[in-house]
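If you read the sequence shown in numbering that gives the first Met the number 0, its first letter stands for residue 0, the second for the next number, and so on.
Beta carbons are placed, not taken as given, at the ideal position from N, Cα and C, and that holds for glycine.
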Amino acid sequence: MPMFRATKNGSVQLTAEEEAELLADQAAATAENDRIAEIDATVKTDTIINQLKAMTNAEFDAWWAANVTTAAEAINVLKRVVRVLIRRVL
């Protein structure tokens, strides 16, 4: 089925190249929306991230002291937080 674009004087049928570009743009937008939805779902179900978000500074300090006692544990927490920041903010 042919696709059209609006002009001042009505509409014009898209060329094959224009149609392919439009469809590719739509597919890219859909893929990006799906990626964002997946990230949101992952972040919302990440227990540690949700616990950290809900903590006061004092609660965070106590949690950190009790749960992060080695460099490897600190690195794992840092990786998790950075992953969320990159996916949600950047």
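Of the residues R4, R79 and E31, the one placed nearest T44, counting alpha carbons only: Distances from the alpha-carbon of T44 to those of R4, R79 and E31 put R79 closest.
Span separating the alpha-carbon of A40 from that of Q50: A40 and Q50: Cα-Cα distance of roughly 16 Å.
The ligand GTP heavy atom lying under 6 Å from the CB of Q12: No copy of the ligand GTP appears in this structure; indeed no ligand is present at all.
Uninterrupted alpha helix (DSSP H) stretches inside the segment 29–65 (no shorter than 4 residues): The segment 29–65 contains these whole alpha helix (DSSP H) runs: 46–53.
DSSP-derived helix/strand/coil call for V11: Three-state result, V11: strand.
Inter-residue spacing [alpha-carbon to alpha-carbon] between E37 and I47: Spanning the two alpha carbons is a distance of roughly 18 Å.
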